[in-house]
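Quick notes on the structure that follows.
Structure below.
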């Protein structure tokens, strides 16, 4: 019996695999992924092509850079960046005495260096806490003076970028442990602790930060004994800290609720106590889950320091208003001044955002194994 004749049928050629890395792949995925995305990309791209050249011409090509208000008015075409050249000291350092402005400059460099060191893995040791104490003592000594031959400068004359960095850094550092305890307290089985934490969170989150600063600055001294006063900077710092802690507590509580209950029960079977379970099992996982939310809160705190102007503390934004409102020649160029401080805010906030992405990658390495 003869076998049937078999005919060879080739398999149709398949399309080449699409490249998933590189600039073209990124554009295909993010800018031209579907019809709506493509239309939005084309519309936004057309708007940028129309307005961006005009913006660059105003900001760079026809801009005037020298600190000459009369020349800026005579030119009358582009941006007058001379306002920054003329008022940068008052914008960056506020009303601090001119001849002593090296002190806030050095204090700012120390604080920024401390923050950078605290974000570097190589400095994550127990002596980092000691470094914080040493640097903060040095910063307050430089800013306040009264010792080591330094002229005394009251806190109401502090301002500009040093005050912004000081308020935001200290409020972030102090708000985090408070938020951690409040988040744990809100999930506590003890009714008194849980009720107190709920009242604190809802009361603080129910009012704007301006109200908290107003109460801390003007109402709090009315409840103090006769002759006892608390510095306005400390009152404002306490208000920002408590406000930030309430919001951050809810972020952390969201991470705590995401931990499976079985892990806590397993820890109890191993004989671990409450604090051991929280420190070794629950908190490391919960905080890793809410890194974006925590960093978002940090960025919000940094920007919210601009509200302290309401209590006559002239941080970066307030110092700009002080510099321009007190000089009629430069008052028309507020846009250039606000763009200048917006660039400063963007630099710090963008750095925090990128650091948040790095932290997320570090904590998620265990999930990629």
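Residue numbers (the numbering used here): -6 to 362. Ideal Cβ positions, reconstructed from N, Cα and C, are used throughout, including at glycine.
- Going by C-alpha positions, residue 305 is about 7 Å away from residue 149.
- Contact between the segment 177 to 194 and the segment 318 to 328 is not established, with fewer than three Cβ pairs separated by less than 8 Å.
- Rounded to whole angstroms, the Cβ separation of residue 299 and residue 152 is 12 Å, and the two are not in contact under 8 Å.
- In summary, residue 234 is buried, with 16 or more beta-carbon neighbours lying within 10 Å of its beta-carbon over all protein chains present.
- By the 16-neighbour rule on beta-carbons within 10 angstroms, residue 32 is exposed.
- DSSP, reduced to helix, strand and coil, places residue 330 within a helical segment of the structure shown.
- Looking only at 347, 339, 358, 329, the smallest Cα-Cα distance to residue 48 is reached by 329.
- Exclusion of the five residues before and after residue 283 leaves 244, 245, 247, 248 as the residues of its chain whose Cβ lies within less than 7 Å of its Cβ.
- C-alpha of residue 71 to C-alpha of residue 56: approximately 4 Å in a straight line.
- Spanning the alpha carbons of residue 154 and residue 309 requires a straight line of approximately 5 Å.
- Taking a C-beta distance under 8 Å as the contact criterion, residue 294 and residue 164 qualify as a contact pair.
- Between the alpha carbons of residue 121 and residue 214 lies a distance of about 35 Å.
- If you look at residue 157, you'll find it in the alpha helix (DSSP H) that goes 153 to 179.
- One thing to note: residue 79 has its Cβ within 8 Å of the Cβ of residue 60.
- Approximately 17 Å separates the beta-carbon atoms of residue 104 and residue 169; this is outside 8 Å, ruling out the contact.
- The C-beta separation of residue 124 from residue 134 comes to about 16 Å, leaving the pair out of contact by the 8 Å criterion.
- In the same chain as residue 271, and ignoring 5 residues on each side of it, the C-beta atoms closer than 8 Å to its own belong to 177, in chain order.
- Cβ-Cβ distances below 6 Å link residue 334 to 309, 313 in the same chain, with the five nearest sequence neighbours on each side left out; the list follows chain order.
- Cα atoms of residue 197 and residue 117: separation of roughly 33 Å, rounded to the nearest angstrom.
- From the listed residues 184, 107, 339, 89, the smallest Cα separation to residue 138 is found for 89.
- Residue nearest to residue 157 within the set 87, 203, 94, 93 is 87 (criterion: CA-CA distance).
- The beta carbons of residue 307 and residue 315 sit about 5 Å from each other, so the pair counts as a contact at 8 Å.
- Going by DSSP, residue 88 is part of no alpha helix (DSSP H) at all; its letter is neither H nor E.
- Across the structure, residue 62 and residue 288 are spaced so that their CA atoms are roughly 41 Å apart.
- Looking at the backbone, the Cα of residue 354 and that of residue 113 are separated by about 14 Å.
- Remark: C-beta atoms of residue 230 and residue 303 do not approach each other more closely than 8 Å.
- It is roughly 40 Å from the alpha-carbon of residue 21 to the alpha-carbon of residue 275.
- Only residues of its own chain outside the window of five on either side were considered, and among them 270, 274 have a CB closer than 7 Å to the CB of residue 260, listed in chain order.
- Contact annotation, residue 146 with residue 195: C-beta distance approximately 40 Å; criterion of less than 8 Å not satisfied.
- Assignment of residue 258 by DSSP, reduced to helix, strand and coil, places it in the helix class.
- Residue range 28 to 49 is occupied by the alpha helix (DSSP H) that includes residue 33.
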